[in-house]
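To keep things clear, I will list the structure first and then write my remarks on it.
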Amino acid sequence: MDQSNQDTFLKKLKRALVDVSENLRNTASSVTPGERDDHQTTLEHIQQRAANDRLALLERMITESRAINLEVVPVKDLDAAGEHIQQLVITKQPERGAAKQVVAWKHPLLESLNLEKRLKEISIPIFFTEFENHEEKALLREKIASAFIGVTSADFCLADSATIVLKTRPGQARSVSLAPSIHVAVVLLEQIIADLNELYALLKYDPAHHTEGLTRCMTFITGPSKTADIEAMMVYGVHGPREVHLYVITG
Amino acid sequence: MTHIATENYKTQARAATRNIVLQGALAGLQERLGKGTALAYQDLPEGPDLRYKAHDIRMHAINNLDVLLKQLAEKIRSQGGHVFFAVDGKSAAAYCLDIARKHHVKLVVKGKSMVTEEIRLNDALTNEGIDVYETDLGEYIIQLAGEHPSHILAPAIHKTREDIGRLFSEKLNISYTDDPPSLTKAAKTALREKFFAADMGISGCNLACAETGHITTVSNEGNIRMSSTMPKIHMVFMGMERIVDSLKDHNILLRMLCRGASAQKLATYVSHISGPAPTDHLDGPEAFHLVILDNGRSRILADKNFREMLCCVRCGACLNVCPVYRKIGGHAYGYAYSGPVGAVVTPLLIGINRAKHLCQGETLCGACKDICPVNIDLPRMLLELRWKLASGDPQWHVRRENRLEKAVYQGWSHLTRNRRLYDLSLWATKLLQKMLPKRSSMIAWMPPPLNGWTDSRHMKPIAKTSFSKKWKQHKLDSR
Numbered sequence: 003m004d005q006s007n008q009d010t011f012l013k014k015l016k017r018a019l020v021d022v023s024e025n026l027r028n029t030a031s032s033v034t035p036g037e038r039d040d041h042q043t044t045l046e047h048i049q050q051r052a053a054n055d056r057l058a059l060l061e062r063m064i065t066e067s068r069a070i071n072l073e074v075v076p077v078k079d080l081d082a083a084g085e086h087i088q089q090l091v092i093t094k095q096p097e098r099g100a101a102k103q104v105v106a107w108k109h110p111l112l113e114s115l116n117l118e119k120r121l122k123e124i125s126i127p128i129f130f131t132e133f134e135n136h137e138e139k140a141l142l143r144e145k146i147a148s149a150f151i152g153v154t155s156a157d158f159c160l161a162d163s164a165t166i167v168l169k170t171r172p173g174q175a176r177s178v179s180l181a182p183s184i185h186v187a188v189v190l191l192e193q194i195i196a197d198l199n200e201l202y203a204l205l206k207y208d209p210a211h212h213t214e215g216l217t218r219c220m221t222f223i224t225g226p227s228k229t230a231d232i233e234a235m236m237v238y239g240v241h242g243p244r245e246v247h248l249y250v251i252t253g
Numbered sequence: 002m003t004h005i006a007t008e009n010y011k012t013q014a015r016a017a018t019r020n021i022v023l024q025g026a027l028a029g030l031q032e033r034l035g036k037g038t039a040l041a042y043q044d045l046p047e048g049p050d051l052r053y054k055a056h057d058i059r060m061h062a063i064n065n066l067d068v069l070l071k072q073l074a075e076k077i078r079s080q081g082g083h084v085f086f087a088v089d090g091k092s093a094a095a096y097c098l099d100i101a102r103k104h105h106v107k108l109v110v111k112g113k114s115m116v117t118e119e120i121r122l123n124d125a126l127t128n129e130g131i132d133v134y135e136t137d138l139g140e141y142i143i144q145l146a147g148e149h150p151s152h153i154l155a156p157a158i159h160k161t162r163e164d165i166g167r168l169f170s171e172k173l174n175i176s177y178t179d180d181p182p183s184l185t186k187a188a189k190t191a192l193r194e195k196f197f198a199a200d201m202g203i204s205g206c207n208l209a210c211a212e213t214g215h216i217t218t219v220s221n222e223g224n225i226r227m228s229s230t231m232p233k234i235h236m237v238f239m240g241m242e243r244i245v246d247s248l249k250d251h252n253i254l255l256r257m258l259c260r261g262a263s264a265q266k267l268a269t270y271v272s273h274i275s276g277p278a279p280t281d282h283l284d285g286p287e288a289f290h291l292v293i294l295d296n297g298r299s300r301i302l303a304d305k306n307f308r309e310m311l312c313c314v315r316c317g318a319c320l321n322v323c324p325v326y327r328k329i330g331g332h333a334y335g336y337a338y339s340g341p342v343g344a345v346v347t348p349l350l351i352g353i354n355r356a357k358h359l360c361q362g363e364t365l366c367g368a369c370k371d372i373c374p375v376n377i378d379l380p381r382m383l384l385e386l387r388w389k390l391a392s393g394d395p396q397w398h399v400r401r402e403n404r405l406e407k408a409v410y411q412g413w414s415h416l417t418r419n420r421r422l423y424d425l426s427l428w429a430t431k432l433l434q435k436m437l438p439k440r441s442s443m444i445a446w447m448p449p450p451l452n453g454w455t456d457s458r459h460m461k462p463i464a465k466t467s468f469s470k471k472w473k474q475h476k477l478d479s480r
């Protein structure tokens, strides 16, 4: 934009900070080599985590999820997850309008759930968020707005806070986890990590994630949408989903 | 209520203390959130001392603000976003209007943002004929009522469900209900169509990170995600101090922010946004604008006594423990920022004389410092402000507030250093106090201007025998 504007602005700040000693003004890197080694250890720790430890993380996530009204369901395999989702579609009622309609990410893990076939059996339409042209894009956005269930996968889950972490990519639209009144996410057990420390270490030092960056929008979802703005009374489902179901495939 | 109403502090405060509904709501809020936050710090894996670390992280960012902001701006631009540095509220609003005009914006949805409240952005947009909708439920209620927020996090804390029921039935054309879930649903329905129809979404910025070049938004309702996902343009207003160096620092700050604000490990939604959505993405904004605002902050930055104030992340934790806020609520503070944070930051932003009551009204009890997720020494700065008001300060253009006060203290100083004069005045006072009305041997009333002491409590009279006389007597007796 206006470069001269920026320069004047920043020069003023520099002048304001003139009394700050030089050793406090080294921003080359706040990460010392020692810390980098710490992160390497964290990465190895995550990669080499034993099956039992992974299940312990799942347990921790389930415990945490109760307080925030998040539904965490361990399932054996993809087929069982697909079954559960089919049941949800049958039993849950839409909040807006009468017709049931489902949207889902275009995602390799979700493809193995056979959702298209499962929902065809019960004659409920499902739309996947891939598009060829502008018209399809506009149409899909309408479908998301009127869907009652949105199905996504996720990049990670944080056990410590029962958080689902989603990056946006082509086919992985933001609004699928936002506009429908029920959000369903499906992840593999090994996608559960301990906490933010581990997540940020992965984002920074795991080569694939580092190259990809945060994408333009990385979102943490910790339970269903809620408010306490009227007399401090907790109400679930304001602008985001009122229910969130997470299926963890334990294998 | 006018934009700056800090002069009305005393009348507003008095009215608030007599408002029974408000008193109940404020007490409830503090019992819930104030205590919850203190417990949430205890639960930190690193322990509650992480507050000190968080303070160091913030000071590091403030000490390097120019470098970090440059890094942030470069990163955001390389990711396709626009960055505008605004020296004041006027230029920030002008930039927003300029973009709005260029894209024929008719409808704006907003996430809660104290900075936009500070610069009166809604008025600027409305004057341009643009419809602006606040989408946080509390803010929406306040906007419908034509009021201003009374708490950083719970803007409608001063309203009862019956108030809101009446307001909604009138403004949203629904039949009256005072059931919070039904009211929430009514607001949701009204706002949902706005989200999909809006041309521009505006949000604040809870944190920004220089290393990655992203801004972070935090909410529980999902309204900020809606505002930053559905409209074609997403514009973010950021107070220039709201930055951290690296993801490592971001980790700690984000966790402390959520604990300070609402005693949560993490809020429901935390989005890391670094630019517009690429065209092969189904949704997300086509254009992303970041407005970085000074508006008086560089003056705070230049004064090493107040620089620490820029560590503040506006979580509102100090409001939830402050004994003064608990009684007078947010409106008395007369500006976007209330409570202890407002008592320091408002005078620094709008003028110390103009907002003198705010810093004079606090108790210096230190609860705000103890609950602050970044351990800001607010009591120290309150004293600093009072010192400036008492003695004047050319650098901050503060005129001495009360000449009489200074004269009285100079007289007192003179009196206490002169034995004879002191004894004489004690004798005179003892005589005079005999004429004052007593209740159970306490002075029940004093004439103005001394009635400030006796209006709400009784005062002990000066003792018949002074301490020094007793002391002398004691020495004689024990010989």
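Just so you know, the sequences run in chain order S and C. For the first sequence, position 141 (counting from the first letter as 1) is numbered 143 according to the working numbering, and the numbering increases by one without interruption. For the second sequence, position 140 (counting from the first letter as 1) is numbered 141 according to the working numbering, and the numbering increases by one without interruption. Just so you know, even glycine gets a beta-carbon here, dropped at the ideal spot from N, CA and C.
Asked                                                                                                                         : Found
Proximity below 8 Å, CB of PRO76 of chain S to CB of VAL250 of chain S                                                        : yes
ALA391 of chain C versus ARG418 of chain C: straight-line alpha-carbon distance, rounded                                      : 22 Å
Three or more C-beta pairs below 8 Å linking the segment 223-234 of chain C and the segment 27-44 of chain C                  : no
Under the three-state DSSP convention, the category SER31 of chain S falls into                                               : Confidence at SER31 of chain S is low in this model, with a pLDDT of 49, below 50, so its placement is unreliable and the value that follows should be read with caution. It is coil, neither helix nor strand.
One or two residues paired with SER220 of chain C in a DSSP bridge                                                            : C:TYR270
Integer-rounded CB distance, given that LEU115 of chain S should sit under 8 Å from LYS83 of chain S                          : A small fix is needed here, since residue 83 of chain S is Ala in this sequence, not Lys. Going by Cβ atoms, the distance from ALA83 of chain S to LEU115 of chain S rounds to 6 Å, so yes, they are a contact pair.
Nearest neighbour of ILE151 of chain S, chosen from S:LYS119, S:VAL105 and S:PHE130 [CA to CA]                                : S:VAL105
Which of helix, strand or coil DSSP assigns to LEU248 of chain S                                                              : strand
Delimiting residues of the beta strand (DSSP E) encompassing LYS169 of chain S                                                : 165-169
Those runs of the beta strand (DSSP E) which lie wholly inside the segment 58-112 of chain C and span at least 3 residues     : 83-87 and 108-111
CB contact check: ALA303 of chain C to chain S, cutoff 8 Å                                                                    : yes
Alpha carbon of GLY358 of chain C to alpha carbon of THR12 of chain C, nearest angstrom                                       : Strictly speaking, residue 358 of chain C in this sequence is His, with Gly absent from that position. Their backbone Cα atoms lie some 11 Å apart in a straight line.
Partner residues on chain S for ARG226 of chain C, Cβ-Cβ distance less than 8 Å                                               : ARG176, LEU180, THR221, HIS241 and GLY242
Range of the contiguous beta strand (DSSP E) that encloses HIS290 of chain C                                                  : 288-294
Close-in-space but distant-in-sequence residues of the same chain around ILE444 of chain C (CB under 8 Å, 5 per side omitted) : GLN434, LEU437, PRO438, THR455, HIS459, MET460, LYS461 and PRO462
is_contact[LYS461 of chain C, chain S] using C-beta, thresh 8 Å                                                               : no
Cβ contact (3+ pairs, closer than 8 Å) linking the segment 113-123 of chain C and the segment 337-345 of chain C              : yes
C-alpha gap between HIS105 of chain C and ASN128 of chain C, whole angstroms                                                  : 15 Å
Backbone CA spacing between THR185 of chain C and LEU168 of chain C [nearest angstrom]                                        : 13 Å
Rounded straight-line distance, which links the Cα of GLY393 of chain C to that of GLU8 of chain C                            : 19 Å
Chain C contact residues for ALA143 of chain S, given Cβ-Cβ distances below 8 Å                                               : One detail in the question is off: residue 143 of chain S reads as Arg in this sequence, not Ala. The answer, in chain order, is LEU283 and ASP284.
Chain C residues whose Cβ lies nearer than 8 Å to that of SER227 of chain S                                                   : ASN221, GLU222, GLY223, THR269 and TYR270
Reduced DSSP secondary structure (H/G/I, E/B, other) of GLY412 of chain C                                                     : helix
C-beta neighbour in chain C for ILE126 of chain S, strict 8 Å                                                                 : no
Buried versus exposed, by CB contacts within 10 Å (16 or more), TRP107 of chain S                                             : buried
Extent of the continuous beta strand (DSSP E) run through CYS219 of chain S                                                   : 219-223
Host alpha helix (DSSP H) of GLU61 of chain S (start-end)                                                                     : 53-69
Under 7 Å (Cβ pairs) to chain C, residues found in the segment 84-98 of chain S                                               : none
is_contact[SER163 of chain S, chain C] using C-beta, thresh 8 Å                                                               : yes
Bridge partners - GLY25 of chain C, DSSP secondary structure assignment                                                       : Per DSSP, none; premise fails for GLY25 of chain C.
CB contact below 8 Å: ASN135 of chain S versus chain C                                                                        : no
Residues that DSSP places opposite GLY202 of chain C in a beta bridge                                                         : C:VAL110 and C:HIS235
Residue-chain proximity (GLU233 of chain S, chain C), Cβ-Cβ < 8 Å                                                             : yes
Cβ-based neighbour list, TRP446 of chain C, same chain, cut-off 8 Å, excluding 5 preceding and 5 following                    : LEU437, PRO438, ASN452 and THR455
Contact check, ALA199 of chain C vs LEU108 of chain C, beta carbons under 8 Å                                                 : yes
Minimum Cβ-Cβ distance from ASN20 of chain C to chain S less than 8 Å                                                         : no
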